[in-house]
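Novice: What follows is a structure written as structure tokens; I'll ask about it next.
Chains as they are written, first to last, in the numbering used here: chain A, 7 to 302; chain B, 1433 to 1726.
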């Protein structure tokens, strides 16, 4: 392996350094976001509408220019080193960027012609496994099948980083499940990295090993999924829980009413408090972005 | 662009070319190859018994042929512009450009690859039109012989093909900047109208022009860039200025004689190709810098 290749391996898969993005004089989509996605992980990016998820992903793809700050894909700046950055990533958009009049097979041919090292067999195999007719025009496929074609193209690139911008939004539950299973299997098999943006926490739980919650253009939560629920507790509604090892996060629905979610800082847990679900943890952090809790 | 659309453009051009060749054939059948009738046609004198088909020749020449000659000056620009305006704007509007742009970061190469086949088709379609127009224009002036055929070939050969490419790259540039199909189409038509005028004004700039005599008009296929009046003191004045200051004027045409046709064609074609290159550069920059999709 060359020195350059060794250096490339040392960079995280994705980096955002104090990235801000403002559209015109209006809405601020990203507010000085800094985060790192390590190699070999599948990261879920969750947040409400207009949280900045798509903007952040498109910034890594090079489809948006940050107003300030910078992003890197495997160490390459998509604005200044576009060819190098793009060569390390694959992208699946919410509405598939496909030619309605072309077949899935022609899309694989197109990718083969445009992308160095594209593995047509990987794409073909994925489509065959899902019984998606490779010779049917994309315009005649269902939304779920078109999304799978997009994923097959992305996987065929064998890119180091997969960026998936709400690809599940228009899929039925079965199609979502298939999509996530394919994603998880292939990324782990290829040893790559994936960033999956979604509204649905259950989808992220199914496929990801890390979660990042964005709200109003800021990172509200960035933690491994394993142990996330265990590191939080639900406390009865009322005053925010306070204590030397507790940090109140926000109020969240629990059972028939509301509860306070708090982060347990030293790893110790209280027998008096309930363990939350991952969804409750995420929702509490997202709510904290809108209405910051008083901290103990 | 789909192949069906490109074939349609070729078919339209082939039909137009066929119509012009048919008109050229009709003109040739009506015009004599030599003799008094040819002189009568050349000088525009009253057509006598020596020229039984002369009246039909003149009617056809100023009627259908005249209309199509006027049309052919615009068709290559519009043909190129209409096709060019859709190449990039369609991909941006339908978001399919995004697939290519993340698969490969080399967007200029993508633009060139996407544009190549449509550009070849546009050039081929313009060539078909040029062939028909050359035949028709040459048949319209039968007394000018081979020299005028070359003259016609010069004016109606390279220039329309270059114009079609210029219209095409103008459409590419507008499409890349605007990113919407319908808006790009409308703006490209406007851009082509502007370019036609720019070429009309800029092509003669800096040439040494002379007054074209009627004999030169008739015998050499001269090229006029300015029509107006000459005062008795030798000044050239426009028709409007002459209306304001009554005096003695004579009608004159300023331009170059037929033997300078290659120079005219070279200047005009070079200017159009330079504008075409500028359009391609603008399109490349716009594609390269484009971030957002519609």
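Backbone N, C-alpha and C define an ideal beta-carbon position, used for all residues, glycine too.
As the structure is a computational prediction, the values presented were derived from the model and not from experiment.
DSSP on residue 21/A, reduced to helix/strand/coil?
Specialist: For the purposes of this step, residue 21/A is identified with residue 15 of the first chain, where counting begins at 1. The answer is strand: DSSP assigns residue 21/A an E or B state.
Novice: For residue 208/A, which residues in the same chain have their Cβ closer than 8 Å to its Cβ, ignoring the five residues on either side in sequence?
Specialist: The residue you call residue 208/A lines up with position 202 of the first chain. Excluding positions up to five away in sequence, the list reads 285.
Novice: Does the beta-carbon of residue 281/A have 16 or more other beta-carbons within 10 angstroms, so that it is buried, or is it exposed?
Specialist: As a working mapping, residue 281/A is identified with position 275 in the first chain. The residue is exposed, with fewer than 16 neighbouring Cβ atoms inside 10 Å.
Novice: How should residue 35/A be labelled, buried or exposed, when 16 other C-beta atoms within 10 angstroms of its C-beta is the threshold for buried?
Specialist: Counting from 1 along the first chain, the entry for residue 35/A is found at position 29. Looking at its Cβ environment, which holds 16 or more other Cβ atoms inside 10 Å, residue 35/A is buried.
Novice: Does the distance from the CB of residue 182/A to the CB of residue 143/A come in under 8 Å?
Specialist: Start at 1 with the first residue of the first chain, and residue 182/A comes out as number 176. Start at 1 with the first residue of the first chain, and residue 143/A comes out as number 137. Not a contact, by the Cβ cut-off of 8 Å.
Novice: Is the Cβ-Cβ distance between residue 129/A and residue 162/A less than 8 Å?
Specialist: Residue 129/A sits at position 123 when you count from the first residue of the first chain. Residue 162/A sits at position 156 when you count from the first residue of the first chain. Contact flag set, yes.
Novice: Is the Cβ-Cβ distance between residue 39/A and residue 225/A less than 8 Å?
Specialist: Numbered from its first residue, the first chain carries residue 39/A at position 33. Numbered from its first residue, the first chain carries residue 225/A at position 219. Cβ atoms of residue 39/A and residue 225/A: closer than 8 Å.
Novice: Could you tell me whether the Cβ of residue 1655/B comes closer than 8 Å to any Cβ of chain D?
Specialist: In the structure shown, chain D does not exist; the protein chains are A and B.
Novice: When we look at the beta-carbon of residue 1434/B and count the other beta-carbons within 10 Å, is it buried (16 or more) or exposed?
Specialist: The count along the second chain starts at 1 and reaches residue 1434/B at position 2. Classification of residue 1434/B: exposed, given that the 10 Å Cβ count is below 16.
Novice: How many angstroms separate the CA atom of residue 1525/B from the CA atom of residue 1532/B?
Specialist: Position 93 of the second chain holds residue 1525/B. Position 100 of the second chain holds residue 1532/B. So the alpha carbons of these two residues sit roughly 14 Å apart.
Novice: Any residues in the stretch 191-220 of chain A with a beta carbon nearer than 8 Å to a beta carbon of chain B? Which ones, in chain order?
Specialist: Among the residues of the stretch 191-220 of chain A, none has a Cβ less than 8 Å away from any Cβ of chain B.
Novice: Counting only beta-carbon atoms, is residue 1461/B nearer than 8 Å to chain A?
Specialist: The sequence position of residue 1461/B within the second chain is 29, counting from 1. No, residue 1461/B does not count as interfacial toward chain A.
Novice: Label residue 1467/B either buried or exposed according to how many other C-beta atoms from any shown protein chain fall within 10 Å of its C-beta, with 16 as the threshold for buried.
Specialist: What you label residue 1467/B is simply residue 35 of the second chain in a count that begins at 1. Classification for residue 1467/B: exposed.
Novice: Does any CB atom of chain B fall closer than 8 Å to the CB of residue 241/A?
Specialist: Along the first chain, one-based indexing puts residue 241/A at 235. Cβ-Cβ to chain B under 8 Å: no for residue 241/A.
Novice: Tell me the rounded alpha-carbon separation between residue 1441/B and residue 1703/B.
Specialist: For this step, residue 1441/B is matched to residue 9 along the second chain. For this step, residue 1703/B is matched to residue 271 along the second chain. The alpha-carbon atoms of residue 1441/B and residue 1703/B are separated by roughly 25 Å.
Novice: Given the structure, does residue 146/A come close to the ligand ATP, in the sense that its CB is under 7 Å from one of the ligand's heavy atoms?
Specialist: No copy of the ligand ATP occurs in the structure displayed, which carries no ligand at all.
Novice: By DSSP's criteria, residue 143/A is part of a beta bridge. Which residues make up the other side?
Specialist: Within the first chain, residue 143/A is the residue found at index 137, counting from 1. Paired residue(s): 109/A.
Novice: With DSSP as the reference, identify every bridge partner of residue 77/A, one or two as the case may be.
Specialist: As a working note, residue 77/A is residue 71 in the first chain. Paired residues: 22/A.
Novice: To test your reading of the DSSP string, which unbroken beta strand (DSSP E) runs of 3 or more residues are found completely within the stretch 205-265 of chain A?
Specialist: 216-221, 224-230, 238-242, 252-260
Novice: What three-state label does DSSP hand residue 1559/B in the structure shown?
Specialist: Taking the first residue of the second chain as 1, we reach residue 1559/B at position 127. If DSSP states are grouped into helix, strand and coil, residue 1559/B belongs with the helices.
Novice: Would residue 298/A pass as an interface residue toward chain B - the criterion being a Cβ-Cβ separation below 8 Å?
Specialist: Here residue 298/A refers to the residue found at position 292 of the first chain. Here residue 298/A scores only 49 on pLDDT, less than 50, and its place in the model should not be relied on; the value that follows carries that caveat. Cβ-Cβ to chain B under 8 Å: no for residue 298/A.
Novice: Identify, in the order they occur along the chain, each residue of the same chain with its Cβ nearer than 6 Å to the Cβ of residue 1493/B, setting aside the five sequence neighbours on each side.
Specialist: Translated into the one-based positions of the second chain, residue 1493/B becomes position 61. In its chain, beyond the 5 residues on either side, 1572 have a beta carbon closer than 6 Å to the beta carbon of residue 1493/B.
Novice: Hey, out of 114/A, 81/A, 214/A, 266/A, whose CA is closest to residue 46/A's CA?
Specialist: Numbered from its first residue, the first chain carries residue 46/A at position 40. Restricting attention to 114/A, 81/A, 214/A, 266/A, the CA atom closest to the CA of residue 46/A is found in 214/A.
Novice: Starting from residue 1435/B, trace the alpha helix (DSSP H) both ways and give me its first and last residue.
Specialist: The sequence position of residue 1435/B within the second chain is 3, counting from 1. Unbroken alpha helix (DSSP H) run through residue 1435/B: 1435-1462.
Novice: Strictly below 9 Å CB to CB, what residues from chain B border residue 303/A?
Specialist: Coverage of chain A is limited to positions 7 through 302, which leaves residue 303/A absent and any answer about it impossible.
Novice: Mind pulling the alpha helix (DSSP H) runs of 4 or more residues that sit fully within the stretch 1669-1716 of chain B?
Specialist: 1671-1676
Novice: Take residue 1454/B as the anchor and find which of 1563/B, 1681/B, 1511/B, 1604/B has the nearest alpha-carbon.
Specialist: Stepping through the second chain from its first residue, residue 1454/B is reached at position 22. Measuring from the Cα of residue 1454/B, the nearest candidate turns out to be 1563/B.
Novice: State the DSSP-derived secondary structure class of residue 154/A, mapped to helix, strand or coil.
Specialist: Walking along the first chain from the start, residue 154/A turns up at place 148. Note: residue 154/A maps to helix in three-state DSSP.
Novice: Exposed or buried, which one is residue 195/A when buried takes at least 16 other CB atoms within 10 Å?
Specialist: As a working note, residue 195/A is residue 189 in the first chain. Result: exposed.
Novice: Can you check which of these residues, 149/A, 92/A, 270/A, 156/A, is closest to residue 179/A by C-alpha distance?
Specialist: Against the first chain, residue 179/A aligns to sequence position 173. It is 149/A whose Cα lies nearest to the Cα of residue 179/A.
Novice: DSSP state of residue 27/A, grouped into three classes?
Specialist: For the purposes of this step, residue 27/A is taken as residue 21 along the first chain, with counting starting at 1. Residue 27/A: strand per DSSP, three-state reduction.
Novice: Looking at the structure shown, is residue 168/A part of a helix, part of a strand, or coil, going by DSSP?
Specialist: Residue 168/A sits at position 162 when you count from the first residue of the first chain. Reduced to three states, the DSSP call for residue 168/A is strand.
Novice: If we count Cβ pairs, one from each stretch, closer than 8 Å, do we get three or more for the stretch 263-271 of chain A versus the stretch 227-240 of chain A?
Specialist: Judged by Cβ distances under 8 Å, the stretch 263-271 of chain A makes contact with the stretch 227-240 of chain A, as three or more pairs qualify.
Novice: Three or more C-beta pairs closer than 8 Å, one from the stretch 66-86 of chain A and one from the stretch 1707-1719 of chain B: is that the case here?
Specialist: no
Novice: Just to confirm before moving on: does the CB-CB distance between residue 247/A and residue 264/A stay below 8 Å?
Specialist: Sequence index remark: in the first chain, residue 247/A carries index 241 (1-based). Sequence index remark: in the first chain, residue 264/A carries index 258 (1-based). Contact: no.
Novice: Which of helix, strand or coil does DSSP assign to residue 50/A?
Specialist: What you label residue 50/A is simply residue 44 of the first chain in a count that begins at 1. DSSP places residue 50/A in strand when its eight states are reduced to three.
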